[in-house]
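Worksheet: one structure, shown below.
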Amino acid sequence: GAGVSQSPSNKVTEKGKDVELRCDPISGHTALYWYRQSLGQGLEFLIYFQGNSAPDKSGLPSDRFSAERTGGSVSTLTIQRTQQEDSAVYLCASSAPGRRKNSPLHFGNGTRLTVT
Amino acid sequence: TQLLEQSPQFLSIQEGENLTVYCNSSSVFSSLQWYRQEPGEGPVLLVTVVTGGEVKKLKRLTFQFGDARKDSSLHITAAQPGDTGLYLCARTVGGTSYGKLTFGQGTILTVHP
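The listed protein sequences derive, respectively, from chains A and B.
The letter at position 91 of the first sequence is residue 118 when you use this note's numbering, and the numbering goes up by one with no holes.
The letter at position 40 of the second sequence is residue 1167 when you use this note's numbering, and the numbering goes up by one with no holes.
Now the structure itself:
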């Protein structure tokens, strides 16, 4: 389909392991975002990419979290040494070119991460 | 603060009933977005309101932006089971020109047939 694609849809990992979450944005969308959705905290902003650079990483919870984007397209969110509090749904969103504040975000279906 | 407070947190109604969901903040916001999210899926944008006092209609859904731009409401007329889902309001974080959003905690709506 033409929507934002995320993989895997579900990931169960043991505490202390590293995980990689992938996002394929809508073709042509230069802006890409990662959000996290958890029961206690709701939906929280993690990081924003414009092209391959990340001008806003202010939402990353700790230095265990990192993200990159290559070719202005696919993005990977990496969580090192996972902790139980990292369990959440990680959502990726993209938006069309332009710097309009109200450019709509198109969300993927998320990756549900469970740390045991 | 740029926090958004949504109420009620849960709403369980019968098909055909009307309902209103509220989104409030202590600070003025330039625009507000409403999203709907179904289980296992990402949020989908329903509407963006930008002007104080603005009213937008989307079939049976009516969105209102308060005159002072500190509050918004979503009213659903004659709710149907297909309206079931999580409704979220969101605002752009002040000072940013991109999609960095602060979300309310959401309202879980269940419409029973």
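Just so you know, even glycine gets a beta-carbon here, dropped at the ideal spot from N, CA and C.
What you are looking at is a predicted structure, and each value in this text was computed from that prediction instead of being measured.
Residue(s) in a DSSP beta bridge with residue i
i: residue 69 of chain A; result: A:65
i: residue 80 of chain A; result: A:77
i: residue 37 of chain A; result: A:139
i: residue 1146 of chain B; result: B:1203
i: residue 117 of chain A; result: A:63 and A:138
i: residue 48 of chain A; result: A:104
Nearest to residue i (by Cα), restricted to the options the options
i: residue 33 of chain A; options: A:60, A:91, A:44 and A:83; result: A:60
i: residue 1218 of chain B; options: B:1175, B:1203 and B:1144; result: B:1175
i: residue 1239 of chain B; options: B:1210, B:1131 and B:1134; result: B:1210
i: residue 46 of chain A; options: A:115, A:85 and A:67; result: A:115
i: residue 88 of chain A; options: A:96, A:102, A:68 and A:99; result: A:68
i: residue 40 of chain A; options: A:84, A:58, A:71 and A:105; result: A:105
i: residue 120 of chain A; options: A:57, A:141 and A:43; result: A:57
i: residue 1201 of chain B; options: B:1161, B:1170 and B:1180; result: B:1161
Nonlocal neighbours in the same chain, by C-beta distance under 7 Å from residue i, ignoring five residues either side
i: residue 1183 of chain B; result: 1174, 1176 and 1190
i: residue 1203 of chain B; result: 1145, 1146, 1187, 1188 and 1210
The ligand FAD heavy atom lying under 7 Å from the CB of residue i
i: residue 45 of chain A; result: Questions concerning the ligand FAD fall outside what the structure shown contains, since it holds no ligand whatsoever.
Beta-carbon contacts of residue i that lie in its chain and below 6 Å, excluding the five residues immediately before and after
i: residue 1235 of chain B; result: 1137 and 1213
i: residue 1150 of chain B; result: 1131, 1133, 1199, 1216 and 1231
i: residue 92 of chain A; result: 106
Cutoff 8 Å; reference residue i; Cβ partners in own chain excluding five residues on either side
i: residue 1185 of chain B; result: 1173 and 1174
Counting only Cβ-Cβ distances shorter than 7 Å, please list the residues of the segment 1187-1212 of chain B near chain A, keeping chain order. Per Cβ criterion, the list is empty.
Members of the segment 54-75 of chain A that neighbour chain B once the beta carbon cut-off is set at 7 Å: Flagged, chain order: 58, 60, 69, 70, 72 and 75.
Taking a cut of 8 Å between CB atoms, which residues from the segment 91-104 of chain A lie near chain B? Under the 8 Å Cβ criterion, the segment 91-104 of chain A contributes no residue.
Near-chain A residues of the segment 1218-1240 of chain B - C-beta to any C-beta below 8 Å: Here the close residues are 1219, 1220, 1223, 1224, 1225, 1226, 1227, 1228, 1229, 1230, 1231, 1232 and 1233.
Chain-ordered residues of the segment 1166-1184 of chain B with a beta carbon less than 8 Å from chain A: For the segment 1166-1184 of chain B, which is checked against every Cβ of chain A, the residues closer than 8 Å are 1167, 1168, 1169, 1170, 1171, 1172, 1175 and 1177.
Name, going along the chain, the residues of the segment 129-140 of chain A whose beta-carbon falls closer than 9 Å to a beta-carbon of chain B. Near chain B, meaning a CB-to-CB distance below 9 Å, the residues of the segment 129-140 of chain A are 129, 130, 131, 132, 133, 134, 135, 136, 137 and 139.
Mind checking the segment 33-54 of chain A against chain B and listing, in chain order, the residues whose C-beta falls within less than 7 Å of any C-beta there? If you check each beta-carbon in the segment 33-54 of chain A against every beta-carbon of chain B, none falls closer than 7 Å.
Which residues, in chain order, does the segment 76-89 of chain A contribute to contact with chain B at a C-beta distance below 9 Å? Result list: 77, 82, 83, 85 and 86.
So within the segment 1161-1220 of chain B, which uninterrupted beta strand (DSSP E) runs reach at least 3 residues, ignoring any that extend past its ends? Correct list: 1171-1176, 1182-1185, 1188-1192, 1198-1203 and 1212-1219.
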